[in-house]
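K.L.:
Okay, handing you the structure first.
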Amino acid sequence: MKKVLILFAHPKFEKSRANAALIERLNDKKHVTFHDLYERYPNFHINVQREQELLVEHDIIIWHHPLYWYSSPAMLKQWKDMVLEFNWAYGPNGKVLHNKTVFNVITTGGSREVYCTEGYNTYTVNEFLRPFEQTAKLCGMNYLPPFAVMGTHNLSDRDLTNYANAYEQLIDLLQTDFSSQEFKKHLFLNDLETLTI
Amino acid sequence: MSGSLLFEAIVFLAGAIICVSIAKRLGLSSVLGYLLAGILIGPYVLGFVGEEGEDILHFAEFGVVVMLFLIGLEIEPKNFWSMRKSILGMGGIQVSLTVVITYALFTLLGYNWEVALVIGMAVALSSTAIALQTIKEKGLMDTTFGTSSFSILLFQDIIVIFMIGALPLLSNASEHTNGNTGHSTSNLIESLPIGLQTLAIILSVVLIILAGRFVIVPMLRKVAKTGVRELLIAAAFLIVFGISYLMEFVGISPALGAFLGGVVLSTSEFKHELESTLEPFKNLLLGLFFMAVGASINFIVIANSPMAIGGILVAIILIKAFVLFVTGQVFKLKLDQKLLLTFSLAQVGEFAFVLLSFAFQLNILEQEQMDMMLVITAVSMSLTPILSVLNERLILPKFGTKESISRPMDHIAKSQKIILVGFGHFGSTVGRFLRSHGIEATILDFDSNRVDFLRKMGFEVYYGDATRLDLLESAGIAEAKLLICAVDNPRVTKDITKLVKTNYPDVEMLVRAKNRYDAYDLINMGIDNIYRESLDTSLALASDALHKLGFRKYTLNRQVQNFIKYDEASLRRMAEQPERDENYIFKARKELEEQEKLLEDDFKRGIISYDNHWDSEHIRKQLQKPNEA
């Protein structure tokens, strides 16, 4: 069974309805490590060695965060800056992360419609996530499309429960067996036919 | 002239206010001011106070009792137990050597042996009031010198019980059997055989311990519940009076009893309440005591035989000084600590009054002998502060600076020079962190044992009192960039601040403050960099407590920063209010009022409420249309 590491970054998790729903389900899952970065490092003083050990121990890494100003909250950038060291994560001898799988799980206030050429955000979520995609590529990791919960302001409790179910199913799928090729056909992992949203 | 009580009160208070403020302005200890005030208002200079000075002396001795109670409060039982060796050892050596040498001297001078022995015993006792008051005022209680002095004084308090008990035996020996009337009913111990005496003492000590646990603490809890502040003052005095009465009843020194009572209560939750309640009264009573000592100096007796009294006085002080120095030597104190000990305990103390007048009642002493010894006692007490000043200004600086100059000024880049004053728990943390960054501060500290240790560790350390400009100068304040003041005692901190601000205004100061009230003073002295030891740590604790209740760490971290910013601002606002110049007794109440006001402000200004950053619910409520969160 594959091991999943959820790197969760939300500066005000206690006020996030959507993320509370998504994460509630993951607490007791086997081989899933939920790592709450803002809670662990309230001073942004990241323990690099510990973080690298965690990466080594897991096969699938999830960057789970709300999308703020078309990017991640500051903590996740700090995490990348500190943990993904030269000649460890990248560079001629940086091969530790090779062939691990990584992707973003994001929540956005805006709906999918506003993230396109015609919408007021002009670009798609996938385009905004390019820095993550490229980071994964440089580290030799296998980058999958994002799982996105969008338009959170207008989602009912029932919608949120459905998303939470789908997130759980997705993790189950990733832990047992999945084809990267099949997954990469979609813009969002939400769109996989096997998931029920 | 002295009929009315009001008039006497006016004389004493005015005398105290004038003389003590002059003494303080001259940088002398307040004890000296009180003594001078006593001499001035006494029968031989202005004549405001006559014979009743004696009564006042007896009344004011209560100040010593309160002081020992307060000292007891600061010493927890386990610390007291760990001091037993130095109490018995140092006290034993000091008392026995002094008695023997004084006895020999007076026998040589032709006094009969009973008289010589009584005088020897009286001389062996130093003045707890003067010595401890001075030590506390200078903030030296935690030094080796402070604890040594304390051990010796405590031993004397204990041994005086046995001395008083032994006096009647001397009276029989000297065949003046008629003197034994009138006092034997005054206390319980003397009417008992020796074995039972010891038993009575042990029983009363046990009684104090039990009463502390099972009577006093429950009583204080009840009192605290009423919320009436003056009841607490009443309760505090009831405790001290009660213990003193019991002790006098069984014949033990009330001071010793009060000390034990203090130790028993030191682990109770009322420790600090009792301290802050009794502290101002203690100081006033002690002041009265010192004034009464000054007023009781009989200048006629001195005038009659100045040479003899002067000679004996000098001899006695020399004997005491010599014995103290030897005691320090035996217990391997550093030279400067030995000198401090020697000079601060070399007087004959207040117990001598008791012992001598009791011996007079028993007809062991003659009137003349008693008068002479009383004068010598009073004068020697008055000389103590003067001797201490001489020691500090003339002897210690030579020793202190000599030792510090012997170390070469090594690798400190002059432009980076930092002076760190105080190397206790606070200062040493600062020093270690600086050192871990390759910054070697020049350290000033007044505990020579610590200084010695630090030198071994390779620190550049200057020994001495940082309120002395010459010491700061020899530590190189002229070329210093920063001065860090990590001193524990707020009064010393303020003295240093004043000194540096006046003489070296360009040196930037970073100053440790105990609490808001010290911070106010420092702000008003023009200090910008103030570090309240009660701020960051307590917030770290509070935020951890909230975390355990489920609050998120990052939010708490931000709130702590907000709170600090807000508290600093309110600190600076309140520092400007002039009416905060506290008069002592109302200080505690004022503090409470101010705390309440702070809490109220906290709510009004909404410091406790959340900000709206990253709060999607907030956005959701504001716009019910889609937007990027």
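So the sequences go chain by chain: A and B.
So for the first sequence, the working numbering puts the first residue at 537; every next one is plus one.
So for the second sequence, the working numbering puts the first residue at 505; every next one is plus one.
Just so it is clear, CB atoms sit at the ideal spot from N, CA and C, and this is done for glycine as well.
Output needed in chain order: residues of the stretch 568 to 587 of chain A with a Cβ under 7 Å from some Cβ in chain B.
P.N.:
Per Cβ criterion, the list reads Tyr574, Glu575, Pro578, Asn579.
K.L.:
For the stretch 924 to 958 of chain B, which residues have a beta carbon sitting closer than 8 Å to at least one beta carbon of chain A?
P.N.:
The stretch 924 to 958 of chain B vs chain A, Cβ under 8 Å: nothing.
K.L.:
Is there a Cβ from chain A that is less than 8 Å from the Cβ of Asp992 of chain B?
P.N.:
Closer than 8 Å: no.
K.L.:
Could you work out which residues of chain A lie near His1117 of chain B, taking near to mean beta carbons separated by less than 9 Å?
P.N.:
Residues of chain A passing the Cβ test: Pro547, Lys548.
K.L.:
Let's see if you can read the secondary structure: which residues bound the beta strand (DSSP E) around Ile582 of chain A?
P.N.:
Unbroken run through Ile582 of chain A: none, as it is neither H nor E.
K.L.:
Please look up how many angstroms separate the CB atoms of Leu724 of chain B and Phe774 of chain B, rounded, as I've assumed it's under 8 Å.
P.N.:
Their Cβ separation, rounded to whole angstroms, is 5 Å, which keeps Leu724 of chain B and Phe774 of chain B in contact under 8 Å.
K.L.:
Helix or strand or just coil, what does DSSP make of Ala684 of chain A?
P.N.:
If DSSP states are grouped into helix, strand and coil, Ala684 of chain A belongs with the strands.
K.L.:
Name the DSSP bridge partner or partners of Asn640 of chain A?
P.N.:
According to DSSP, which records beta bridges pairwise, Asn640 of chain A is partnered with A:Trp599.
K.L.:
Run down chain A in chain order and give the residues with a C-beta less than 9 Å from the C-beta of Ile1123 of chain B.
P.N.:
What Ile1123 of chain B touches in chain A: Gly645, His689.
K.L.:
For Met611 of chain A, which residues in the same chain have their Cβ closer than 6 Å to its Cβ, ignoring the five residues on either side in sequence?
P.N.:
The residues are Ala545, Leu573, Tyr574.
K.L.:
Would Ile880 of chain B pass as a contact of Ile943 of chain B if the rule is Cβ separation under 8 Å?
P.N.:
It is not a contact, given that the beta carbons lie outside the stated cut-off.
K.L.:
Can you tell me which residues form a DSSP beta bridge with Cys989 of chain B?
P.N.:
Answer is B:Val925, B:Val1015, bridged to Cys989 of chain B.
K.L.:
Please report the distance separating the alpha-carbon of Ile545 of chain B from that of Ile1034 of chain B.
P.N.:
Cα to Cα, Ile545 of chain B sits roughly 43 Å from Ile1034 of chain B.
K.L.:
Is the beta carbon of Phe862 of chain B less than 8 Å from the beta carbon of Ile668 of chain B?
P.N.:
Yes, these two residues count as a Cβ contact at 8 Å.
K.L.:
Anything in the stretch 1028 to 1062 of chain B with a Cβ closer than 8 Å to a Cβ of chain A? List those residues in chain order, please.
P.N.:
Listed in sequence order: Phe1055, Arg1056, Lys1057, Tyr1058, Thr1059, Leu1060, Asn1061.
K.L.:
If you count every other CB in all the chains shown that lies within 10 Å of the CB of Phe793 of chain B, and 16 or more means buried, which is it?
P.N.:
Flag for Phe793 of chain B reads buried.
K.L.:
Are any of the Cβ atoms in chain A nearer than 8 Å to that of Ser652 of chain B?
P.N.:
For Ser652 of chain B, the answer is no, since every Cβ of chain A falls outside 8 Å of its Cβ.
K.L.:
Would Ile575 of chain B and Gly766 of chain B be called neighbours here (beta carbons separated by less than 8 Å)?
P.N.:
Result yes, Cβ atoms of Ile575 of chain B and Gly766 of chain B sit closer than 8 Å.
K.L.:
Measure the alpha-carbon distance for Tyr604 of chain A versus Asn698 of chain A and round it to whole angstroms.
P.N.:
When rounded, the distance between both Cα atoms is 23 Å.
K.L.:
Starting from the N-terminal side, write out each stretch of the alpha helix (DSSP H) that is 4 residues or longer and does not extend beyond the stretch 1027 to 1052 of chain B.
P.N.:
Entirely contained in the stretch 1027 to 1052 of chain B, the alpha helix (DSSP H) runs reaching 4 residues are, in chain order, 1040 to 1052.
K.L.:
Any C-beta of chain B sitting closer than 8 Å to the C-beta of Lys616 of chain A?
P.N.:
Taking Cβ atoms only, chain B never reaches closer than 8 Å to Lys616 of chain A, which makes this a no.
K.L.:
How about Tyr966 of chain B and Leu973 of chain B: do their beta carbons lie closer than 8 Å?
P.N.:
No, the Cβ-Cβ distance between Tyr966 of chain B and Leu973 of chain B is not below 8 Å.
K.L.:
In the structure shown, what three-state DSSP assignment does Val965 of chain B receive?
P.N.:
If DSSP states are grouped into helix, strand and coil, Val965 of chain B belongs with the strands.
K.L.:
Hey, how far is the Cα of Asp956 of chain B from the Cα of Leu658 of chain B?
P.N.:
Near 28 Å, if we compare the C-alpha coordinates of Leu658 of chain B and Asp956 of chain B.
K.L.:
Roughly how many whole angstroms lie between the Cα atoms of Asp914 of chain B and His600 of chain A?
P.N.:
Caution is warranted here: a pLDDT of 35 is assigned to Asp914 of chain B, below 50, making its placement in the model unreliable, and the coordinate value is therefore given only provisionally. Computed Cα separation, rounded: 55 Å.
K.L.:
Chain B partners of Lys636 of chain A, CB-CB under 8 Å?
P.N.:
Residues of chain B passing the Cβ test: none, with the nearest at roughly 27 Å.
K.L.:
Answer with yes or no whether the minimum CB distance from Ser552 of chain A to chain B is below 8 Å.
P.N.:
Yes, its Cβ sits closer than 8 Å to a Cβ of chain B.
K.L.:
Taking DSSP as the reference, what is the three-state secondary structure of His594 of chain A?
P.N.:
Looking at His594 of chain A - three-state DSSP - the assignment turns out to be coil, as it is neither helix nor strand.
K.L.:
Answer with buried or exposed for Ser586 of chain B, where buried requires no fewer than 16 other C-beta atoms within 10 angstroms of its C-beta.
P.N.:
Exposed is the call here.
K.L.:
Using 8 Å as the threshold, is the C-beta distance between Ala979 of chain B and Asn1028 of chain B below it?
P.N.:
No.
K.L.:
Would you tell me roughly how many angstroms separate the C-alpha atoms of Cys989 of chain B and Phe1055 of chain B, rounded to the nearest one?
P.N.:
C-alpha separation (whole angstroms): 36 Å.
K.L.:
What would DSSP say about Leu592 of chain B, mapped onto helix, strand or coil?
P.N.:
In this structure, Leu592 of chain B counts as helix in the three-state DSSP scheme.
K.L.:
Tell me whether Met1135 of chain B is buried or exposed, calling it buried when 16 or more other Cβ atoms sit within 10 Å of its Cβ.
P.N.:
In this structure chain B extends from 505 to 1133, so residue 1135 of chain B is not present and cannot be described.
K.L.:
Would you mind listing the alpha helix (DSSP H) stretches within the stretch 579 to 626 of chain B that are 4+ residues and don't spill past its ends, in chain order?
P.N.:
DSSP runs (the alpha helix (DSSP H)) wholly in the stretch 579 to 626 of chain B: 581 to 586, 588 to 612.
K.L.:
Establish whether the CB of Ser780 of chain B and some CB of chain A are separated by less than 8 Å.
P.N.:
No, its Cβ sits nowhere closer than 8 Å to a Cβ of chain A.
K.L.:
What three-state label does DSSP hand Glu550 of chain A in the structure shown?
P.N.:
Residue state, collapsed to three classes: helix.
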